[in-house]
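Asker: One structure is given below, represented as structure tokens, and several questions about it will come after.
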Amino acid sequence: AQSVTQLDSQVPVFEEAPVELRCNYSSSVSVYLFWYVQYPNQGLQLLLKYLSGSTLVESINGFEAEFNKSQTSFHLRKPSVHISDTAEYFCAVSDQLTGGGNKLTFGTGTQLKVEL
Amino acid sequence: KAGVTQTPRYLIKTRGQQVTLSCSPISGHRSVSWYQQTPGQGLQFLFEYFSETQRNKGNFPGRFSGRQFSNSRSEMNVSTLELGDSALYLCASSLGGQGSYGYTFGSGTRLTVV
Chain A
2 AQSVTQLDSQ
12 VPVFEEAPVE
22 LRCNYSSSVS
32 VYLFWYVQYP
42 NQGLQLLLKY
52 LSGSTLVESI
62 NGFEAEFNKS
72 QTSFHLRKPS
82 VHISDTAEYF
92 CAVSDQLTGG
102 GNKLTFGTGT
112 QLKVEL
Chain B
245 KAGVTQTPRY
255 LIKTRGQQVT
265 LSCSPISGHR
275 SVSWYQQTPG
285 QGLQFLFEYF
295 SETQRNKGNF
305 PGRFSGRQFS
315 NSRSEMNVST
325 LELGDSALYL
335 CASSLGGQGS
345 YGYTFGSGTR
355 LTVV
């Protein structure tokens, strides 16, 4: 079974500053990786995903993540954060199951707090 | 294209009661997964249904069950509710339930057991 480690439970950052949210996963096989964002009292929204191909994936709102197979990492970055980016961010890996199909294994989440 | 719809959004139940939660996936998606989110345990996989069959199940007691209908809508049921069942229950819709298809989540049902 896969596991996902998000090293930082909280990350405070000032508006317009850069931010990196760290994620490491355990796997020696091909994986699909995801970043989800959760706003208060909401479900999970897909931010970006890595399935194959280019190791750098980008979202429409300025976030990017780089898949690093040798370091088994999938860190999320944004060069300049906005107050509206305040939310909880979850890294997830798709875990293949014996019954067929997959499930998502999530990290414990990182609370990003953007301050003025 | 409509998203994933979960009903109800909020529920308050008493210990010992049972509850049924509903999830309507994106049109054309055949896989529905359920997750429980709590502050202590985080996001945990409950089960996955594909074409009306439970294909996978997480590590939860038998009080947690579900089903999927021919139109891919899914329900999950929790019987004999315990205080620890208080959580946000999230449903995820996927075209085929494979990681490459990705997963779209609903807004969740917040269950409070008192």
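For the record, the sequence lines run as chains A and B.
In short: position in the first sequence from 1, add 1, done, that's this note's numbering.
In short: position in the second sequence from 1, add 244, done, that's this note's numbering.
Glycine included, each C-beta is placed from N, C-alpha and C at the ideal position.
1) Taking DSSP's pairing of strands, which residues face Ser28(A) in a bridge?
2) Under the DSSP definition of a beta bridge, which residues are partnered with Val12(A)?
3) Can you confirm whether Tyr51(A), when its beta carbon is compared against all beta carbons of chain B, has any partner nearer than 8 Å?
4) Residues of the stretch 88-108 of chain A with a CB closer than 9 Å to any CB of chain B: list them in chain order, please.
5) I need the straight-line Cα distance from Thr282(B) to Leu355(B), nearest angstrom please.
6) Whole angstroms is fine: what's the gap from Thr251(B)'s alpha carbon to Pro305(B)'s?
7) For Cys335(B) versus Ser314(B), is the C-beta spacing smaller than 8 Å?
8) Any beta carbon of chain B sitting closer than 8 Å to that of Tyr33(A)?
9) Let me know the secondary structure DSSP gives Ile84(A) once reduced to three states.
10) Find out if the Cβ-Cβ distance for the pair Tyr33(A), Leu52(A) is shorter than 8 Å.
11) Using a cut-off of 9 Å between C-beta atoms, extract the partners of Asn300(B) located in chain A.
12) Assign Gly102(A) to one of three DSSP states: helix, strand, or coil.
13) Alpha carbons only, please: which of Arg307(B), Leu327(B), Thr249(B) is nearest the one belonging to Val276(B)?
14) Which bits of chain D does Gly352(B) rub up against, with CB to CB less than 7 Å?
15) My output table needs one value for Gly310(B): the three-state DSSP class, helix, strand or coil.
16) Name the residue from Val20(A), Ser55(A), Asn103(A), Phe107(A) whose alpha carbon lies nearest to the alpha carbon of Asn69(A).
17) Going by DSSP, what residues sit across from Leu325(B) in a beta bridge?
18) By how many angstroms is the C-alpha of Lys257(B) removed from the C-alpha of Leu325(B)?
19) Taking 8 Å as the CB-CB cut-off, is Tyr333(B) touching chain A?
20) If you draw a straight line from the alpha carbon of Gln261(B) to that of Gln288(B), how long is it in whole angstroms?
21) Taking all protein chains shown into account, decide if Thr99(A) is buried (16 or more other Cβ within 10 angstroms of its Cβ) or exposed.
22) Could you work out which residue in Ala93(A), Ile61(A), Val20(A) is closest to Gly286(B) when comparing CA atoms only?
Answerer: For this structure:
1) DSSP, once it has assigned bridges, lists no residue as partnering Ser28(A).
2) Leu113(A)
3) no
4) Phe91, Ala93, Val94, Ser95, Asp96, Gln97, Leu98, Thr99, Gly100, Gly101, Gly102, Asn103, Lys104, Leu105, Thr106, Phe107, Gly108
5) 11 Å
6) 23 Å
7) no
8) yes
9) helix
10) yes
11) Leu98, Thr99, Gly100, Gly101, Gly102, Asn103, Lys104
12) coil
13) Thr249(B)
14) In the structure shown, chain D cannot be found, because the protein chains are A and B.
15) strand
16) Ser55(A)
17) Looking at the DSSP assignment, Leu325(B) forms no beta bridge with any residue, so it has no partner.
18) 8 Å
19) no
20) 22 Å
21) exposed
22) Ala93(A)
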